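Student: Numbered according to this note's numbering, the sequence shown terminates at residue 256, and the numbering increases by one at each position without gaps.
Below is one structure. I have some questions about it.
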Amino acid sequence: MTPAAAPAGAKGLGAAGKVPRHVAIIMDGNGRWAQQRGLPRAAGHKAGAEAVRRALQAAADQGVEVLTLYAFSSENWRRSDEEISDLTALMRFYLERELKTLEKERVKLKLIGDHSAFGAELVERLDRAIERTSSNTRLTLVIALNYGSRAEIASAARRLAQRAVDSEIEPAAIDEAAIAAELQTNDLPELDLLIRTSGEVRLSNFLLWQAAYAELLFLDVLWPDFDEAAFAGALQTYAARNRRFGGR
Ligand code: FPP
């Protein structure tokens, strides 16, 4: 199988048969995992956080450059106060426990979305973790927190419109590259592989622009059961796909 040449503008897209440079995951199914065991939803999220550790390690071991995880969508505020507070506490705990691992494994932490909406303590911890890991280069872990893709695109459009109003750019100069440059992912390689666990088959407002040429993989496994073997299997599926980028 010969990998198809990527079109102009698709620089950085991994070729078929190779390890994807950028993998994103919609970590779905924590609630159902807990329900199946007669446990509270919080127990599912806790087990989900352990799956995050495993996925991070597997991504680093396999040579993936960027792992983007959907931890909290802008729609998740509709959940109960109790669940939001459980998730926030879990992220605080995870950060405290894992910061050393991120440093040891040379993982750089980056956030997309608007994390300022969370409590001051979590915001401070997140900002500190970002700063402490900023020079790491082995793997970038991107956590999408209070993230929504349509809001991200609308915000990019607003900034470009303002620059046009201020005569800094011509409207005709607003092309795909100009929009991509305004997205929060502008410093990351193109998304190669997008995985969703739990059997649901939708994108739920996650990386809509970035997923334009990504391979999509919907797995029946619930997120807390996603392990190193599942990650390796996903990479094998990706390697067997023939990416054509609109060509033949
Ligand atoms: C979806 O499962 C999962 C979430 C909304 C939260 C994801 C959070 C974690 C995996 C834990 C902590 C994260 C980090 C980065 C340490 P769901 O609750 O929608 O499951 P259901 O669809 O079965 O109810």
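For each residue, glycine too, the CB sits at the ideal point set by N, CA and C.
Owing to the predicted nature of the structure, the values given are computational and were not obtained by experimental measurement.
(1) May I ask you to list the residues that DSSP assigns as paired with Y155?
(2) Exposed or buried, which one is D135 when buried takes at least 16 other CB atoms within 10 Å?
(3) Tell me which same chain residues have a C-beta within less than 6 Å of the C-beta of K19, skipping the five on either side of it?
(4) Given the structure, does S206 come close to ligand 1, in the sense that its CB is under 7 Å from one of the ligand's heavy atoms?
(5) State the CB to CB distance for the pair E223 and T148, rounded to an integer number of angstroms; the pair is presumed to be in contact (CB under 8 Å).
(6) Just to confirm the assignment, what range does the alpha helix (DSSP H) spanning I273 have?
(7) Go through its chain and collect everything with a Cβ distance to R171's Cβ below 7 Å, but skip five positions before and after it.
(8) Quickly, what does DSSP pair D32 with across the bridge? List them, please.
(9) Can you check which of these residues, L227, A220 and D233, is closest to F253 by C-alpha distance?
(10) Can you tell me the Cα-Cα spacing of G71 and V27, whole angstroms?
(11) Using 7 Å as the cut-off, classify the Cβ of V60 as near or not near the heavy atoms of ligand 1, replying yes or no.
Tutor: According to the structure shown:
(1) As a working mapping, residue 155 is identified with position 147 in the sequence shown. DSSP output for Y155 lists S81 as bridge partner(s).
(2) Working through the sequence shown from its first residue, we reach residue 135 at position 127. Classification for D135: exposed.
(3) Mapped onto the sequence shown, residue 19 falls at position 11. Any reading at K19 must be qualified, since the residue scores a pLDDT of 38, below 50, and its modelled position is unreliable; no value is offered.
(4) Walking along the sequence shown from the start, residue 206 turns up at place 198. Here the distance from the Cβ of S206 to the nearest heavy atom of ligand 1 is below 7 Å.
(5) Taking the sequence shown and counting its residues from 1, the one referred to as residue 223 is at position 215. Taking the sequence shown and counting its residues from 1, the one referred to as residue 148 is at position 140. The pair is not a contact, with the Cβ atoms about 19 Å apart (cut-off 8 Å).
(6) This structure gives no information on residue 273, because the portion of the chain shown stretches from 9 to 256.
(7) As a working note, residue 171 is residue 163 in the sequence shown. In the same chain as R171, and ignoring 5 residues on each side of it, the C-beta atoms closer than 7 Å to its own belong to I177, in chain order.
(8) In the sequence shown, residue 32 corresponds to position 24, counting from 1. Note that residue 32 corresponds to Ala in the displayed sequence, not to Asp. BP columns for A32 point to T76 and L202.
(9) For the purposes of this step, residue 253 is taken as residue 245 along the sequence shown, with counting starting at 1. When only C-alpha atoms are compared, the closest one is A220.
(10) The count along the sequence shown starts at 1 and reaches residue 71 at position 63. The count along the sequence shown starts at 1 and reaches residue 27 at position 19. If you take the alpha carbons of G71 and V27, they lie about 7 Å apart.
(11) For this step, residue 60 is matched to residue 52 along the sequence shown. Result yes, Cβ under 7 Å from ligand 1.
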